[in-house]
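Down below is the structure, laid out as structure tokens.
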Amino acid sequence: MTTSRSRLAVLLLPPLAAVLWLAPAASGVPVDQGEVCLECHDDVAAELRLPVEHPPAKEAECSSCHNPHAARDAGLLLERPAILCVECHADVAEQLGRRVLHQPVAEGRCTSCHRPHGAGHEKLLLAAGADLCVTCHADVAGWRGLANQHSPFERGRCTDCHEPHGSEHERLQRKAGGEVCSKCHPVSAKFRSDHGGYPVEQANCRQCHDPHASKQAGLLQPNVHEPFAAGDCTLCHVAVGSPAPFALRVTQDELCGDCHEDAVEENRSAAFPHVAAGGSRCSACHNPHGGQGGSLLRRETNELCLSCHDPGGSATGGAGHFQTHSELGCDTCHAPHGGDRPVLLADDPIELCGLCHSHQHAITHPLGEEVRDPRNGQALDCLSCHGIHEATADKYLHKSGTRDLCLGCHKDKGVVR
Amino acid sequence: MRRGASRREAASLVGRRLALLVAVASIWAAPAAGQDGATLYAFDEAVAGGETLRLRWPTAVAAGGADEIAVADAEGPSLAVFRDLGGGEGWVVHAAIELPAPAYSVSCGADFYLISTRRPGVLLTVAKSDYTLRELALAPGITPGAATCLPDDRLLVHDLAAGRLVVLDGAGKVLTAVAIAETVAALAPGAGGGFYAALPGAGEVRRYGANGEQLSSLKLPGVGPTPAWPVGLAVEANGEVVVVDRHGGRILVVEASGRLAGSGSRKGWEPGLLRFPASLARLPDGRVVVADQGNGRVQLFRRLEE
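Residue numbers (the working numbering), protein chains in the order written: chain A, 1 to 417; chain B, 418 to 723.
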């Protein structure tokens with residue numbers, strides 16, 4: 001009897017082992033996932049009652065996305081959302097290679113906009129149209145109160161002009177420059193006459209118009225350059241019928257200097273000129289027709305500066321490498337046209353910092369011309385210890401203030417461990 | 418429901434996920450990669466001046482020979498000429514020339530230093546024989562930014578006013594003009610009459626042929642999200658371009674093909690480190706000298722074998 005049982009065991013063992021080996025771990029137990037999982041996950045059950053359902057959730061394929069036992073990622077997900085979602089959504093995967101990515105996409109935060117099980121809005125969005133966008137883009141709320149509204153914006157149809165995931169164009173536009181506008185605003189005789197006969201369809205509409213809303217009629221930029229407001233195009237441009245009608249009469253240096261001599265001279269005579277502003281480059285920062293900010297700047301000051309000095313950060317909506325010091329504007333410390341000090345500092349760092357930190361002047365480590373930095377022989381100032389934009393330690397210090405920073409200069413005080 | 422998923426399907430699924438993981442990870446990791454390659458330059462020595470003249474904010478540097486460098490300082494403003502006396506004495510101030518305005522660029526011709534102060538219609542020269550300062554008139558309308566000397570007594574100038582690069586003959590007549598929208602921080606002669614331009618805003622070095630045609634663009638890697646900010650360059654005989662990155666405090670070496678060959682130094686205060694470097698020049702012995710503006714000195718770096 002014992003022998004025959006042993007023989008039976010020997011016969012059965014290989015197929016049994018094969019079955020166990022081949023059975024996938026997660027799907028080895030034939031259960032109705034919808035029934036079993038929803039026994040505990042009431043929140044998911046509630047989402048599944050919403051009008052738009054995610055097909056795997058609807059089909060109770062919970063293990064398509066979740067590991068029922070354990071996982072490295074939150075929500076027992078098989079992978080991070082960025083990887084998991086694009087397994088099926090190949091169209092989104094394709095968009096990841098585009099030049100400009102929406103920040104949540106760049107960071108793999110799909111669920112910042114989409115609900116993974118079910119939602120009340122198409123494409124499983126957390127909210128409809130602009131109501132969703134405004135949750136991050138707070139400026140949208142401000143535009144809603146303005147007198148003149150662009151129709152798609154007013155109707156909350158952000159995606160008429162913007163790609164939600166990625167685009168080859170700035171600001172996630174569906175098409176470049178004015179191309180996105182010409183879909184609804186084709187060139188006609190009236191269009192031409194409204195623009196003084198200039199072939200503006202070849203230009204970027206945003207030069208003059210705010211595509212969302214404006215206090216100005218015709219959705220013109222909120223702050224308009226005087227000659228532009230007066231329709232005096234030929235004050236700056238050559239005549240409309242010339243071969244290059246947008247060309248300037250003279251160089252920007254000369255043209256802008258006619259009225260803004262001080263600003264141009266600040267650059268011209270600076271020991272440390274702002275290279276972008278250097279010679280006929282006023283329009284690198286200023287919009288000669290109209291602007292969002294004061295001084296006809298193309299963008300809000302910090303955003304404008306970071307667009308060149310930290311594009312990796314600003315392109316994704318963050319500050320990237322450069323920290324902002326207490327939300328100050330770049331022009332609090334830097335002279336935008338040029339100055340007498342390196343990195344366009346508007347004053348001696350000790351004086352500059354002292355404008356706000358006067359208390360530290362009384363209690364600080366010795367500073368000034370009489371105190372030399374042993375590392376480079378230069379006068380010690382606030383920036384010898386504080387990094388402001390790229391500091392890694394508290395209080396904007398270059399290194400930890402408890403030891404490492406001090407020992408950089410006071411090497412004789414180091415303790416051998 | 419995938420209750421009966423076979424092992425092959427599971428393996429396929431794992432394979433697809435791995436492939437996706439690699440693809441997505443590469444997209445996410447690419448911008449952050451700090452790929453400076455091999456260390457190709459090592460610190461040699463620092464030059465800051467002495468009691469008679471101490472550098473404060475060097476804006477530009479040029480090599481006048483194997484044992485002479487000229488440094489423009491915004492303090493003064495002045496042009497300080499240093500000579501290497503050797504024998505343990507090192508680099509000492511040999512001459513100091515007062516300048517009418519801070520220099521934006523300095524380069525070296527056969528027998529003079531060429532200086533641009535961005536003054537419309539004028540470049541300055543300082544004779545290497547007696548350090549006499551002279552004005553060199555340019556064609557009307559030219560506002561010089563970066564400038565350098567080319568072979569055959571020609572000059573290459575970035576005309577700030579018109580947004581173009583112009584090649585001038587010895588008499589100041591325009592021989593070639595190339596439109597350039599970006600700001601040019603430095604220029605250097607290349608092989609066969611061509612030239613190179615460092616464009617900080619674009620984070621690249623552009624190579625031009627003898628007739629001003631653009632041949633290639635060498636995109637430089639940044640440090641993390643901070644873009645490279647090339648402000649000085651020199652070209653080796655083999656076509657390698659040596660660039661100094663102002664924001665990254667690095668020397669980068671880029672092969673003619675565009676491949677990054679390596680780098681040297683990093684951001685900091687100590688000797689051998691750079692803080693907001695402003696300019697770079699190559700000495701005949703292969704060393705490079707960098708105007709280390711933030712540290713108030715110039716530093717020499719020697720080339721290491723790969």
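Even glycine gets a Cβ: it sits at the ideal position worked out from N, Cα and C.
Look up G482/B in the DSSP assignment and give the residues it is bridged to. E485/B
Proximal chain B residues relative to D348/A, where beta-carbon distance stays under 7 Å: Within chain B, no residue comes near D348/A; the closest Cβ sits about 12 Å away, beyond 7 Å.
At a Cβ threshold of 8 Å, is F228/A touching chain B? no
At the level of alpha carbons, what is the spacing between A379/A and L405/A? 17 Å
Cutting at 8 Å between CB atoms, please list the residues of its own chain near Q157/A, excluding the five before and the five after it. In the sequence as presented, Gln is not what sits at residue 157/A; that position holds Arg. The answer, listed in chain order, is G129, A130.
So with CB distances below 8 Å, who are the chain B contacts of G196/A? None at all; the shortest Cβ gap to chain B is about 25 Å.
Pick helix, strand or coil for R714/B, following the three-state DSSP scheme. strand
Please state whether the Cβ-Cβ distance between F228/A and H289/A is less than 8 Å. yes
For the 8 Å Cβ check, are there 3 or more pairs between the stretch 52–60 of chain A and the stretch 77–84 of chain A? no
V19/A at chain B interface by Cβ criterion, 8 Å: Confidence at V19/A is low in this model, with a pLDDT of 46, below 50, so the placement of that residue should be treated as unreliable; the coordinate-derived value is given next. No, its Cβ sits nowhere closer than 8 Å to a Cβ of chain B.
Start-to-end residues for the alpha helix (DSSP H) that takes in A141/A: 139–143
Do we get a CB-CB distance below 8 Å when we pair W474/B with the residues of chain A? yes
Residues in the stretch 505–536 of chain B having any Cβ partner in chain A nearer than 9 Å: A518, P519, Y521, R535, R536
Compare the Cα-Cα distances from L383/A to each of H359/A, G338/A, L352/A, S295/A and report the closest residue. L352/A
Is the beta carbon of S522/B closer than 8 Å to that of A785/B? In the structure as shown, chain B starts at 418 and stops at 723, and residue 785/B therefore has no counterpart that could be examined.
Kindly list the residues whose CB is nearer than 7 Å to the CB of V659/B, restricted to its own chain and excluding five residues on each side of it in sequence; keep chain order. Cβ neighbours of V659/B beyond the five flanking positions: L650, A651, E653, I668, V670, L697, R699, V705.
How would you write the range of the alpha helix (DSSP H) that T560/B sits in, first residue to last? In the DSSP assignment, T560/B falls outside any alpha helix (DSSP H) and carries neither an H nor an E.
Cutoff 8 Å: A602/B Cβ touching any chain A Cβ: yes
Cut-off 6 Å between Cβ atoms - residues of its own chain near A440/B, not counting five sequence neighbours on either side: For A440/B, the predicted structure reports a pLDDT of 39, less than 50, and the residue's modelled location is therefore unreliable. The matter cannot be settled from this model.
In the DSSP output, which residue or residues are listed as bridge partners for P273/A? Answer is G338/A.
With respect to the alpha helix (DSSP H) encompassing S182/A, which residues constitute its N-terminal and C-terminal limits? It spans 179–182 - the alpha helix (DSSP H) in which S182/A sits, taken as one unbroken run.
Own chain partners of L84/A with C-beta closer than 8 Å, once the 5 adjacent residues on each side are dropped: C65, L77, L78
Taking 8 Å as the threshold (beta carbon to beta carbon), is L650/B in contact with chain A? no
Can you tell me where the beta strand (DSSP E) with C525/B in it begins and where it stops? 522–525
Relative to chain B, which residues along the stretch 371–386 of chain A have a C-beta separation below 7 Å, given in chain order? Along the stretch 371–386 of chain A, the positions whose C-beta sits under 7 Å from a C-beta of chain B are D373, R375, N376, G377, Q378, read in chain order.
Hey, is R281/A's beta-carbon within less than 8 Å of any beta-carbon in chain B? yes
Whose Cβ in chain A lies nearer than 7 Å to the Cβ of G711/B? G711/B reaches chain A at P342, counting residues in chain order whose Cβ is nearer than 7 Å.
Grab the span of the beta strand (DSSP E) containing F246/A for me, first residue to last. Premise fails: F246/A is in no beta strand (DSSP E) and is neither H nor E.
Three-way DSSP call (helix, strand, coil) for R268/A in this model: helix
Among A578/B, D570/B, E630/B, which one has its Cα closest to the Cα of P557/B? A578/B
When burial is assigned at 16 or more other CB atoms within 10 Å of the CB, is E35/A buried or exposed? exposed
When the cut-off is 8 Å and only beta carbons count, does R714/B lie next to chain A? yes
Whose C-beta lies closer than 8 Å to the C-beta of L125/A among residues of the same chain, with five residues either side of it excluded? Shown here for L125/A: same chain residues with a beta carbon closer than 8 Å to its own, the five before and five after excluded, namely C113, H114, R115, A119, L132 in chain order.
Contact set between F246/A and chain B, taken where Cβ atoms lie within less than 7 Å: Going along chain B, no residue has its Cβ under 7 Å from F246/A, so there is no contact; the nearest lies around 14 Å.
Terminal residues of the continuous alpha helix (DSSP H) containing E303/A? 301–309
Opening and closing residue of the alpha helix (DSSP H) in which R192/A lies: First-last of the alpha helix (DSSP H) with R192/A: 189–194.
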